[in-house]
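Q: In short: position in the sequence shown from 1, add 156, done, that's my numbering. Heads up, the beta-carbon is just placed ideally off N, CA and C, and yes, glycines get one too.
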Amino acid sequence: MRWPFRKKPPPLSSPEPDPVPLPPQAGTFLCLVQVGDDESGRMVSSEVLDRLVRATKDPALETLDEHFGAEEWCFRIRTTASREGPGACFALDVAIPPGETAAGMSDLVSDEFVRRWQAALARYLP
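(1) Since MET279 is in the alpha helix (DSSP H), which residue starts that stretch and which ends it?
(2) Which residues in the same chain as ARG185 place their Cβ atom closer than 6 Å to its Cβ, once the five residues preceding and following it in sequence are excluded?
(3) Any idea which residues DSSP pairs ARG240 with across the strands?
(4) Nearest CA to the CA of VAL191: which residue from HIS223, PHE269, ASP214 and TYR280?
(5) Of the choices SER262, MET261, SER238 and GLY255, whose alpha-carbon is the least far from that of VAL209?
(6) Could you check what DSSP says for ASP193 in three-state terms: helix, strand or coil?
(7) Could you tell me the distance, in whole angstroms, from the CA atom of GLU247 to the CA atom of LEU220?
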């Protein structure tokens, strides 16, 4: 699992360069992936929610790292989760590698996170 080794970006006031240098033609975008059911009314414990988030995020990032050939495609991720539902929102800052498009990457990322979330739900909330 390589996720813990991703570098956090420096604070905005830092004079340091960006943590992931991008080629001039490359772009970035914010990919929001929302998973879960906020209308179910089901409540889970914090421990179960943590397991669901880890069982979604870590394998999804690992699979996508293999697909894109490196970790640099996603240079920051923020997660907001709710015990009610349960549900989570993953906000990924994505660098578009050569040969990819924002729309194509967004679809791949969303599909992978949703697939992993569904598998985690089946595992932890049978």
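A: In short, the structure shows the following:
(1) Numbered from 1 along the sequence shown, position 123 holds the residue referred to as residue 279. The amino acid at residue 279 is misidentified as Met; the sequence shows Arg. Here the alpha helix (DSSP H) through ARG279 covers 258-280.
(2) Translated into the one-based positions of the sequence shown, residue 185 becomes position 29. A quick correction: the sequence has Phe, not Arg, at residue 185. Answer for PHE185: VAL250 and ALA258, listed in chain order.
(3) As a first step, residue 240 is located in the sequence shown; it is residue number 84 there, counting from the start. It should be noted that the sequence gives Glu, not Arg, for residue 240. Assignment of beta-bridge partners to GLU240 by DSSP yields MET199.
(4) As a working mapping, residue 191 is identified with position 35 in the sequence shown. The candidate whose alpha carbon is nearest that of VAL191 is PHE269.
(5) Along the sequence shown, read from residue 1 onward, the residue named residue 209 stands at position 53. Among SER262, MET261, SER238 and GLY255, the Cα nearest to that of VAL209 is on SER238.
(6) Numbered from its first residue, the sequence shown carries residue 193 at position 37. Three-state DSSP puts ASP193 in coil, outside helix and strand.
(7) For the purposes of this step, residue 247 is taken as the residue at position 91 of the sequence shown. For the purposes of this step, residue 220 is taken as the residue at position 64 of the sequence shown. Looking at the sequence provided, one finds Ala at residue 247 rather than Glu. C-alpha of ALA247 to C-alpha of LEU220: approximately 15 Å in a straight line.
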